[in-house]
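Undergrad: Here it is, the structure, as structure tokens.
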Amino acid sequence: MNKKAVLLWIIAFIFLVACGGGGDAEPDTPASDNDTSSSTTTETTETVEEDSAPADSEEMAEEPTEESEPTDEAESMEEDMDEEPAAEEPAEEPAEETAEEPAASDSPFGDRPMSGTDPETGLPVNPESVNPGDTFIVRGEIISMNLTPTTSPEFLIQSPDGINFRLRSQDLADTYYEDGDQLQAFQYQNGLLAQATATLAADASPSDIPTSTDLVLVKDE
């Protein structure tokens, strides 16, 4: 019995060993499953990558659109900057008002009128006609003179309008420029500018001429 038992144990052991060896060989079959699974996983991964690639492309395509928004804002800012100078145009109005202001007179007589009525005295200036008893103002250019005698010289003064006035003035020794300068008798010449308040006597005859006691010379500067 003991021998049989030992023999059975040996046979059983061999059988187990044989079964154990077969068990080690069987995992080769699942390996194909792993390969299939691996292949499937690889294909799935590739599919996912292929699927994700268009998504990435779409995201990349969408990104420029989002980045283009600052460009639109920049264009809007440029348009605003272009429009701002137009709002500043009213600043030119003072220049127009300045242009409308009358230019300063270049006449040696300044703002004093050469015709009409003198605003300071109310006397007529360079009147077209003079009657006995009239008092008026003469302003113009000396075109002729008679300095003999020097105590009562005579001058022929022409207005800018071409009206001539002959008058007798005060002594040359009492005749000055407006600024106080004085000429000697030999320095008088045609072309000098003068201003005088003249009066024709009320009882004047046709040969009488107006007289003045305040003739002054005006510098042509």
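In short: position in the sequence shown from 1, add 800, done, that's my numbering.
Glycine is no exception: its CB is placed at the ideal position from the N, C-alpha and C atoms.
(1) From P960 to G940, what distance separates their C-alpha atoms?
(2) Here's the rule I'm using: 16 or more other beta-carbon atoms within 10 Å means buried, otherwise exposed. How should P949 be labelled?
(3) Which stretch, first to last residue, makes up the beta strand (DSSP E) that contains T930?
(4) In whole angstroms, give me the CA-to-CA distance for F955 and L972.
(5) For a test of the three-state rule: what should DSSP assign to L1017, helix, strand or coil?
(6) Taking Cβ positions, are I963 and I942 nearer each other than 8 angstroms?
(7) Quick one: is N926 buried, meaning 16 or more other Cβ sit within 10 Å of its Cβ, or exposed?
(8) Mind reading off the beta-carbon distance from L992 to G933? Whole number of angstroms is fine, and I expect it under 8 angstroms.
(9) Quick one, which of R966, E978, N946 has its alpha-carbon nearest S929's?
(10) Express the C-alpha separation of L816 and W809 in angstroms, rounding to a whole number.
(11) Beta strand (DSSP E) containing Q958: first to last residue?
(12) For L923, tell me which candidate among N931, I937, M914 has the shortest Cα-Cα distance.
(13) Apart from the five residues just before and just after L1015, which ones in its own chain have a Cβ nearer than 8 angstroms to its Cβ?
(14) Below 7 angstroms CB to CB, which residues in the same chain sit around E1021 once its five sequence neighbours on both sides are set aside?
(15) Using beta-carbon positions only, say whether L947 and A998 come within less than 8 angstroms of one another.
(16) When DSSP builds the beta bridges, which residues end up paired with A996?
(17) Over what stretch of residues does the beta strand (DSSP E) that includes F965 continue unbroken?
(18) With distance defined between alpha-carbon atoms, name the residue in S1007, S944, A1004 nearest to Y988.
TA: Checking against the coordinates, here is how it stands:
(1) Along the sequence shown, one-based indexing puts residue 960 at 160. Along the sequence shown, one-based indexing puts residue 940 at 140. Separation of P960 and G940 (C-alpha to C-alpha, rounded to the nearest whole angstrom) is 6 angstroms.
(2) Along the sequence shown, one-based indexing puts residue 949 at 149. Counting of Cβ neighbours within 10 angstroms places P949 among the exposed residues, the total staying below 16.
(3) Residue 930 sits at position 130 when you count from the first residue of the sequence shown. For the record, residue 930 in the displayed sequence is Val; it is not Thr. Where V930 is concerned, there is no enclosing beta strand (DSSP E), because DSSP gives it neither an H nor an E.
(4) As a first step, residue 955 must be located in the sequence shown, where it is residue number 155. As a first step, residue 972 must be located in the sequence shown, where it is residue number 172. So the alpha carbons of these two residues sit roughly 11 angstroms apart.
(5) Here residue 1017 is taken as the residue at index 217 of the sequence shown, counted from 1. Three-state DSSP puts L1017 in a strand.
(6) On the sequence shown, position 163 is the one that residue 963 refers to. On the sequence shown, position 142 is the one that residue 942 refers to. No. Outside cutoff.
(7) As a working mapping, residue 926 is identified with position 126 in the sequence shown. By the neighbour-count criterion, in which 16 or more other beta carbons inside 10 Å mark a residue as buried, N926 falls on the buried side.
(8) Taking the first residue of the sequence shown as 1, we reach residue 992 at position 192. Taking the first residue of the sequence shown as 1, we reach residue 933 at position 133. In fact, because the Cβ distance is near 29 angstroms, the residues do not count as touching under 8 angstroms.
(9) The residue labelled residue 929 in the question sits at position 129 within the sequence shown. Checked all of R966, E978, N946; the closest Cα to S929 is R966.
(10) Here residue 809 is taken as the residue at index 9 of the sequence shown, counted from 1. Here residue 816 is taken as the residue at index 16 of the sequence shown, counted from 1. The straight-line gap separating the alpha-carbon atoms of W809 and L816 is approximately 10 angstroms.
(11) If you number the sequence shown from 1, residue 958 lands on position 158. Per DSSP, Q958 belongs to the beta strand (DSSP E) from 954 to 958.
(12) Taking the first residue of the sequence shown as 1, we reach residue 923 at position 123. For the residues N931, I937, M914, the minimum Cα distance to L923 belongs to I937.
(13) Counted from its first residue, the sequence shown places residue 1015 at position 215. If we look at L1015 and ignore the five residues flanking it on each side, its Cβ neighbours are F955, L967, S969, Q970, T975, A994, Q995, A996.
(14) Numbered from its first residue, the sequence shown carries residue 1021 at position 221. Sequence-distant partners of E1021 (beyond 5 residues in either direction) whose C-beta falls short of 7 angstroms from its own C-beta, in its chain, are P908.
(15) Residue numbering aside, residue 947 sits at position 147 when the sequence shown is read from its first letter. Residue numbering aside, residue 998 sits at position 198 when the sequence shown is read from its first letter. Result no, Cβ atoms of L947 and A998 do not sit closer than 8 angstroms.
(16) Here residue 996 refers to the residue found at position 196 when the sequence shown is read from its first residue. Note: A996 sits in a beta bridge opposite V938.
(17) For the purposes of this step, residue 965 is taken as the residue at position 165 of the sequence shown. 964 to 968 is the extent of the beta strand (DSSP E) around F965.
(18) Sequence index remark: in the sequence shown, residue 988 carries index 188 (1-based). Ranking S1007, S944, A1004 by Cα distance to Y988 puts S944 first.
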